[in-house]
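Inspection log for the structure reproduced underneath, given as C-alpha cells.
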Amino acid sequence: MSFDALAPHYRWLEWVLAGEKLQRCRTAFLESARPPNRVLLAGEGHGRFLSECRRQWPRARITCLDASARMLHQARRRLIEHCLSCEALDFIHADVLDWTPVEAEFDLIVTHFFLDCFPPSQLEGVVRRLARAATPEARWWVADFQVPAAGPARWRAQLIHKAMYTFFRLATRLPARQLTAPDKFLQQEGFALQRRVLSEWGLLRADEWERARGFSG
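For the sequence shown, this note's numbering gives the first residue as 943, with consecutive numbering after it.
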C-alpha cells in the first residue's frame, strides 16, 4: 500500500468529492478536548488535521507516522504555508505494521481515515501495536466511514464504499476490500467509547475512546 502517487492530488480530490465534510469529522472534538502532552497521528496523510492540532495545542509534542514520504512532505509544507511551528514535531516515515513504538508514550492517539485501510487480519495487529504506545489513561480519536444499519442511508453508504474501495485498491494497492469496524479491537485494548458524532446520513463517524483506568493488557 502506497499513497505516494496520490499525495500531490489528495487535497483537491478530497475537496471535489467531500468538500469540508471529512475535515469537520476529523476536528469534531478538537476545541472541546483537554490539551494532551504527547500526540501520535498515525496515517495522518496530507496534514490538514496536523495543522489544526498544532494551532490548537502549540505546546504539545506531536509525532506524525505515515508510510508515504510524499504525504509527510505535504504535511510539513502545510505547516510552513500556514506559518505554524515545526518545533516539538517528529515525522516518522514507516509502515505501521513494521513500526516499533515506545511503550506508554502518548496520551492521545489519532487515527483519522486510516484504520479503514486494513482488512481484519491486519487491523487487530495495527490497533494492538498503536495501543502499546498509549499511556494507561490515553484517549483515542477515530474519524472514519461506516455503514448505517438499514434503509436508504445504508444503500447510499454501500454504493459509496464500493466506489471508494475500488478506486483506492487500484490507485494505492489498498489491502482492504471492505470496511471493518475497529470497535472490538479497541475494546480488547481497554478502550471504552465516550463520544460518537455521526454525520452525512450516518456515513461518517467521529469517535472518542478512552482507556479504562487500571487496564493492563
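Think of the CB as a built atom: it goes at the ideal place given N, C-alpha and C, for glycine as much as any other residue.
In this text, all values refer to a predicted model and were calculated from it rather than measured experimentally.
Straight-line measurement puts the Cα of V958 at about 31 Å from the Cα of V1069. When rounded, the separation of the alpha-carbon atoms in F1060 and D1037 is 12 Å. In the DSSP secondary-structure assignment, C1059 is not bridged to any residue.
The bridge partners DSSP lists for V1052 are L983, W1083. Residue pairing from DSSP places F1133 in a beta bridge opposite R1153. Following the DSSP letters along the chain, one finds T1114 inside the alpha helix (DSSP H) bounded by residues 1093-1114. In the three-state reduction of the DSSP assignment, F971 falls in the coil class, being assigned neither a helical nor a strand state.
Taking one beta carbon from each stretch, the stretch 1003-1021 and the stretch 972-987 have 3 or more pairs nearer than 8 Å; the two touch.
Secondary structure note for C995: it is in no beta strand (DSSP E), and the uninterrupted alpha helix (DSSP H) holding it is 990-998. DSSP places R1119 in no beta strand (DSSP E); its state is neither H nor E.
The alpha carbon of F1033 has as its nearest neighbour, out of A1154, W1083, L992, R1119, the alpha carbon of L992.
Per the C-alpha coordinates, the member of G1132, E1131, R1115, R1138 positioned closest to S1010 is R1115. Taking a C-beta distance under 9 Å as the contact criterion, L982 and H1054 do not qualify as a contact pair. DSSP, reduced to helix, strand and coil, places F1033 within a strand of the structure shown. Cβ-Cβ separation between L1145 and A1099: approximately 5 Å, consistent with a contact (criterion under 8 Å). Listed in chain order, the non-local C-beta contacts of E956 below 7 Å within the same chain comprise L964, local neighbours out to five positions each way being set aside. Taking the Cα of R1074 as reference, the smallest distance to any Cα among G1132, W999, M943, V1089 is reached at G1132.
In this structure, DSSP gives V1038 a state outside helix and strand, which the three-state scheme calls coil. Going by C-alpha positions, L1021 is about 18 Å away from V1052. Assignment of A1076 by DSSP, reduced to helix, strand and coil, places it in the strand class.
In the three-state reduction of the DSSP assignment, R1001 falls in the coil class, being assigned neither a helical nor a strand state.
Residues R980, A1030 of the same chain have their beta carbon placed closer than 6 Å to that of R1003, with the five preceding and five following residues left out of the count.
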